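Participant:
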Amino acid sequence: MGNFTHMKSNQTAASSSANFQRVGVVGGGQLAWMMGDAARALGIELVVQTPNATDPAVSVAAGAVLAAVDDVLATAQLAAGCDVITFENEFVDLDGLRPLEEQGVLFQPSLSSLSPLLDKYVQRCYLQGLGLPTPRFWEWDCSADLPPELFKAVAIDFPAISVSDSLQSEEDSDAGSIDFPFVVKVRRHGYDGQGTFIVKDRGSFESIRAKLKGQSLLVEEFVPFDRELAVIAARSANGEIAIYPIVETQQQNQVCHLVIAPADISLEVKTEACAIARTLLNSLQAVGVFGIELFLTADNKLLVNEIAPRTHNSGHFTIDACETSQFEQHLRAVCQLPLGNSALKCAGAVMVNLLGYESAQSDYLAKRKQLAQISGAFVHWYGKKVSRPGRKLGHVTVVFDADLVAQGRSQALAIAQTVEYIWYAS
1 MGNFTHMKSN
11 QTAASSSANF
21 QRVGVVGGGQ
31 LAWMMGDAAR
41 ALGIELVVQT
51 PNATDPAVSV
61 AAGAVLAAVD
71 DVLATAQLAA
81 GCDVITFENE
91 FVDLDGLRPL
101 EEQGVLFQPS
111 LSSLSPLLDK
121 YVQRCYLQGL
131 GLPTPRFWEW
141 DCSADLPPEL
151 FKAVAIDFPA
161 ISVSDSLQSE
171 EDSDAGSIDF
181 PFVVKVRRHG
191 YDGQGTFIVK
201 DRGSFESIRA
211 KLKGQSLLVE
221 EFVPFDRELA
231 VIAARSANGE
241 IAIYPIVETQ
251 QQNQVCHLVI
261 APADISLEVK
271 TEACAIARTL
281 LNSLQAVGVF
291 GIELFLTADN
301 KLLVNEIAPR
311 THNSGHFTID
321 ACETSQFEQH
331 LRAVCQLPLG
341 NSALKCAGAV
351 MVNLLGYESA
361 QSDYLAKRKQ
371 LAQISGAFVH
381 WYGKKVSRPG
391 RKLGHVTVVF
401 DADLVAQGRS
411 QALAIAQTVE
421 YIWYAS
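In full-length UniProt numbering, the protein residues as written are 1 to 426.
Written as structure tokens, this is what we have:
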């Protein structure tokens, strides 16, 4: 069980109609850190459960339980001093937390809402059961005592397949075959591309099989998408839903690189994306903000990629570009407040992640000052002490007017390039 740090007494007495005044957050990274400003504005205190006193959210919290996020005893300690418990990430022990819920601890979203989502294979099955479109997928058990080529099909119209099936010629293929390339994902604890592998040929297949030996995995077809989209949506306990503008996301090395809001998509695609969000959140009886990642194919079809039951990287633009940020919205939902306005308060925005590109100890102050000089830019720095390649150190959101939006997504990409040039310049 973790150590409980002293409680800060400088929390303002800002007026708030929140039914819950003290929120426990399991996790203390940048997502919890970004809840800090929203919590202060609402007159809510945050207490975080996180391993290290140097984790970003500790600096904005009223207190912290210093322990791993899956430490159930620490969560019990956290809950003892809070009105409601919410989550920054999915690295939690649901089975361990259920006795706390049975004892009256309020988790939002509820453990039953999280249960179908934390395992990627189970999540795929759940989405399929709702009739939502997904890539074709299979469960693969690559444990040593099973034939390494065994695939067990999940869909009733997909017969079991083997690697040899995946090598058959196109004219011999059928609904049960899967061709190179295909995608392999670990079922739990994968994020920012970790635990996701694109299998391009038999050699890479054997390498990945050896690396992941003994695990049960999710295998899915590779989708040659036209663009990736994301929907940030919130649902309250009374069923109120707020959906933010659909955004386009771009990934590099399977990590979110930039976000363009709003996405340049047809009304039909927007309508379908919103319908997917509503179906999912209502089915789960979700409370809080969820991130829904989508593939848009060249023929304008949507496929659900993944669901994140929390605030999401693709929603960071909402802090500066929307009437209500995703972080305030999440707190409103879990504290039984009316949901806020999710509309843009500007014509559009682009968000660029500031990813580590070296192993160093630096606050990159000079670069941050230079980024802040970009017209319409808001620089957010997470206060992490150590940089390493690929680590999310901060982000920049640039808001712009209708004239720039009218020039198309190429202008948003040009702004993103300016941010990248400053950040990654040696």
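Note that beta-carbon positions come from the ideal geometry of N, C-alpha and C, so glycine has one too. Every value quoted in this text rests on a predicted model; they were computed, and no experiment measured them.
Please state whether DSSP places H316 in a helix, a strand or coil.
Facilitator: In the sequence shown, counting from the first residue as 1, residue 316 sits at position 316. DSSP places H316 in coil when its eight states are reduced to three.
Participant: Within its chain, find whatever has a CB closer than 7 Å to the CB of V399; leave out the 5 residues flanking it on each side and keep chain order.
Facilitator: Within the sequence shown, the letter at position 399 stands for residue 399. Excluding sequence neighbours, V399 sits near D320, A321, C346, A349 and G376.
Participant: Closer than 8 Å is the cut-off here; do at least three beta carbon pairs connect the segment 235-243 with the segment 271-291?
Facilitator: yes
Participant: For Q337, name the three-state secondary structure that DSSP assigns.
Facilitator: The residue labelled residue 337 in the question sits at position 337 within the sequence shown. Just to set this straight, residue 337 is Leu in the shown sequence, not Gln. Three-state result, L337: coil.
Participant: Could you give the distance in angstroms between the alpha-carbon of E248 and the alpha-carbon of R391?
Facilitator: On the sequence shown, position 248 is the one that residue 248 refers to. On the sequence shown, position 391 is the one that residue 391 refers to. If you take the alpha carbons of E248 and R391, they lie about 21 Å apart.
Participant: Going straight from the alpha carbon of L365 to that of D141, what length do you get?
Facilitator: Counting from one through the sequence shown, the residue named residue 365 turns up at place 365. Counting from one through the sequence shown, the residue named residue 141 turns up at place 141. Each residue's Cα considered, the two are about 48 Å apart.
Participant: Measure the alpha-carbon distance for R98 versus Y121 and round it to whole angstroms.
Facilitator: Numbered from its first residue, the sequence shown carries residue 98 at position 98. Numbered from its first residue, the sequence shown carries residue 121 at position 121. The alpha-carbon atoms of R98 and Y121 are separated by roughly 22 Å.
Participant: Quick check on the DSSP output: the beta strand (DSSP E) that includes S59 runs from which residue to which?
Facilitator: Here residue 59 is taken as the residue at index 59 of the sequence shown, counted from 1. No beta strand (DSSP E) contains S59, which DSSP labels as neither H nor E.
Participant: Along the chain, where does the alpha helix (DSSP H) that runs through S216 open and close?
Facilitator: Position 216 of the sequence shown, counted from the start, is the residue given in the question as residue 216. Looking at the DSSP string, S216 is not in any alpha helix (DSSP H); the run it does join, the beta strand (DSSP E), is S216 to E221.
Participant: Measure the Cβ-Cβ separation of H111 and E101 and say whether it is below 9 Å.
Facilitator: Counting from one through the sequence shown, the residue named residue 111 turns up at place 111. Counting from one through the sequence shown, the residue named residue 101 turns up at place 101. According to the sequence displayed, residue 111 carries Leu and not His. Taking 9 Å as the Cβ cut-off, L111 and E101 qualify as a contacting pair.
Participant: What do you get for G203, buried or exposed, if any count of 16 or more other CB atoms within 10 angstroms of its CB means buried?
Facilitator: Residue numbering aside, residue 203 sits at position 203 when the sequence shown is read from its first letter. G203 should be labelled exposed.
Participant: Decide if D228 is buried, meaning its Cβ has at least 16 other Cβ atoms within 10 Å, or exposed.
Facilitator: In the sequence shown, counting from the first residue as 1, residue 228 sits at position 228. The residue you asked about is not Asp; residue 228 is Glu in the sequence shown. Buried, because 16 or more other Cβ atoms sit within 10 Å of the Cβ of E228.
Participant: On a CA-only basis, which of A275, P56, V26 and I208 is nearest L130? Give me that one, please.
Facilitator: Locating residue 130 in the sequence shown gives position 130, where the first residue counts as 1. A275 is the residue among A275, P56, V26 and I208 whose C-alpha sits nearest the C-alpha of L130.
Participant: Using three-state DSSP, classify S204 as helix, strand or coil.
Facilitator: Reading the sequence shown from its first residue, position 204 is the one you call residue 204. If DSSP states are grouped into helix, strand and coil, S204 belongs with the helices.
Participant: If I measure Cβ to Cβ from N19 and keep anything under 7 Å in the same chain, skipping five residues before and after, which residues do I get?
Facilitator: Sequence index remark: in the sequence shown, residue 19 carries index 19 (1-based). Cβ neighbours of N19 beyond the five flanking positions: C335 and Q336.
Participant: Just curious, the beta strand (DSSP E) that K185 is in, first and last residue?
Facilitator: Taking the sequence shown and counting its residues from 1, one reaches residue 185 at position 185. First-last of the beta strand (DSSP E) with K185: F182 to V186.
Participant: Where do the ends of the beta strand (DSSP E) carrying V72 lie?
Facilitator: Your numbering for residue 72 matches position 72 in the sequence shown. Counting along the chain, V72 falls outside any beta strand (DSSP E), though it belongs to the alpha helix (DSSP H) covering V72 to A80.
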